[in-house]
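Novice: The structure that follows is given in the form of structure tokens.
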Amino acid sequence: DTGVSQDPRHKITKRGQNVTFRCDPISEHNRLYWYRQTLGQGPEFLTYFQNEAQLEKSRLLSDRFSAERPKGSFSTLEIQRTEQGDSAMYLCASSLAGGRETQYFGPGTRLLVL
Amino acid sequence: AQSVSQHNHHVILSEAASLELGCNYSYGGTVNLFWYVQYPGQHLQLLLKYFSGDPLVKGIKGFEAEFIKSKFSFNLRKPSVQWSDTAEYFCAVNAPEYGNKLVFGAGTILRVKS
Chain A
1 DTGVSQDPRH KITKRGQNVT FRCDPISEHN RLYWYRQTLG QGPEFLTYFQ
51 NEAQLEKSRL LSDRFSAERP KGSFSTLEIQ RTEQGDSAMY LCASSLAGGR
101 ETQYFGPGTR LLVL
Chain B
115 AQSVSQHNHH VILSEAASLE LGCNYSYGGT VNLFWYVQYP GQHLQLLLKY
165 FSGDPLVKGI KGFEAEFIKS KFSFNLRKPS VQWSDTAEYF CAVNAPEYGN
215 KLVFGAGTIL RVKS
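Chain order of the listed sequences is A and B.
In case it helps, my numbering puts the first sequence at residues 1 to 114.
In case it helps, my numbering puts the second sequence at residues 115 to 228.
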């Protein structure tokens, strides 16, 4: 399978702990996106990278959130000092930069903060 | 800010019934439009997309959508649904002037009774 992969698929943590998620995009895709989805809502944009450069961050991305894509391939999303409100599905998508860009989504990481 | 509205959160249909799911967006400039589907236990998959040209676009599994610019709408249709169409459907909009992110509606959960 050469789609977008995410790891882990599920994460349960206690409030105050740090968590890190990984996303591996489709291999030739140079853009990588992070979204967050809560129950009953559609995905909400968090941030995106073109190659290793982080080009846009949403206001949803508080100081406790940081994302990296050090070599322009996989990306990590870290949440520090987790709060119960961080419980959500974290989705990664990738695409090829261009005028008719289509984003392809991974299976997501479901985070539960106790 | 851009927003996307999906009119029905839950739809229940019998097999062979016709389907129309509404989607309206708030942005008046150039838009790229998408419908994604999430089958139970699976990740978001692209159903169809519109960038330009013929406003009636056809996607996978017999789905189609019509872009009506004057109504800011991109409704999804299928003439005859099957039990296997049971899923959650998301409309998403990209306004290139505001970057590359997708703005999603809240989703419509479709249940098809066999």
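Ideal Cβ positions, reconstructed from N, Cα and C, are used throughout, including at glycine.
If you're wondering where the values come from, they're calculated on a predicted model, not measured in any experiment.
(1) Quick check on the burial criterion: 16 or more other C-beta atoms within 10 angstroms. Buried or exposed for W34 (chain A)?
(2) Between L75 (chain B) and T200 (chain B), is the Cβ-Cβ spacing less than 8 Å?
(3) Does DSSP classify Y212 (chain B) as helix, strand or coil?
(4) Compare the Cα-Cα distances from R72 (chain A) to each of A:I12, A:N18, A:H29 and report the closest residue.
(5) In its own chain, which residues sit with a C-beta less than 6 Å from the C-beta of T38 (chain A), not counting the 5 before and 5 after it?
(6) Assuming Q84 (chain A) and V113 (chain A) form a contact by the criterion Cβ under 8 Å, report the distance between their Cβ atoms to the nearest whole angstrom.
(7) By a C-beta neighbour count over all protein chains shown, 10 Å radius and 16 as the cutoff for buried, is W197 (chain B) buried or exposed?
(8) Does the beta-carbon of T144 (chain B) have 16 or more other beta-carbons within 10 angstroms, so that it is buried, or is it exposed?
(9) Closer than 6 Å by C-beta to V151 (chain B): which residues in its own chain qualify, once you throw out the five before and the five after it? Chain order, please.
(10) From which residue to which residue does the beta strand (DSSP E) around N138 (chain B) run?
(11) Using the beta-carbon count (16 or more within 10 Å), is P25 (chain A) buried or exposed?
(12) Among all the DSSP beta bridges, which residues are the ones paired with D24 (chain A)?
(13) How many angstroms separate the CA atom of T109 (chain A) from the CA atom of S128 (chain B)?
(14) If contact is defined by three or more beta carbon pairs under 8 Å, each pair taking one atom from either stretch, is the stretch 187 to 195 of chain B in contact with the stretch 123 to 141 of chain B?
(15) Given a limit of 9 Å on CB to CB distance, which residues of the stretch 88 to 103 of chain A reach chain B?
(16) Closer than 8 Å by C-beta to P70 (chain A): which residues in its own chain qualify, once you throw out the five before and the five after it? Chain order, please.
(17) I'd like to know whether the C-beta atoms of Q41 (chain A) and F21 (chain A) end up nearer to each other than 8 Å.
(18) Just by C-beta distance, which residues in the stretch 152 to 171 of chain B are closer than 7 Å to chain A?
(19) Just the C-alpha distance for E56 (chain A) and V207 (chain B), rounded to the nearest angstrom, thanks.
(20) Which value, in whole angstroms, describes the spacing of the CA atoms of K185 (chain B) and H121 (chain B)?
Specialist: Quick look at the numbers:
(1) Buried, because 16 or more other Cβ atoms sit within 10 Å of the Cβ of W34 (chain A).
(2) Coverage of chain B is limited to positions 115 through 228, which leaves residue 75 (chain B) absent and any answer about it impossible.
(3) Of the three classes helix, strand and coil, the one that applies to Y212 (chain B) here is helix, per DSSP.
(4) The amino acid at residue 72 (chain A) is misidentified as Arg; the sequence shows Gly. The shortest C-alpha separation from G72 (chain A) is found at A:H29.
(5) A distance below 6 Å between beta-carbons, with the five flanking residues on each side excluded, links T38 (chain A) to the following residues of its chain, in chain order: A88.
(6) Taking C-beta atoms under 8 Å as the contact rule, Q84 (chain A) and V113 (chain A) qualify, at a distance of about 5 Å.
(7) That one is exposed.
(8) Under this definition T144 (chain B) is an exposed residue.
(9) The beta carbon of V151 (chain B) sits closer than 6 Å to those of Q159, L161, A201, Y203, all from its chain and outside the five residues before and after it, given in chain order.
(10) Here the beta strand (DSSP E) through N138 (chain B) covers 137 to 139.
(11) Per the 10 Å Cβ criterion, buried.
(12) DSSP lists A:S5 as the beta-bridge partner residues of D24 (chain A).
(13) Whole-angstrom Cα-Cα distance: 33 Å.
(14) They touch, by the three-pair rule.
(15) Residues L91, A93, S95, A97, G99, R100, E101, T102, Q103.
(16) Excluding positions up to five away in sequence, the list reads E52.
(17) No, the pair does not count as a contact, with Cβ atoms beyond the cut-off.
(18) The stretch 152 to 171 of chain B vs chain A, Cβ under 7 Å: H157, L158, L160, K163, F165.
(19) Distance from the CA atom of E56 (chain A) to the CA atom of V207 (chain B), rounded to whole angstroms, is 17 Å.
(20) Distance between the alpha carbons of K185 (chain B) and H121 (chain B) is about 14 Å.
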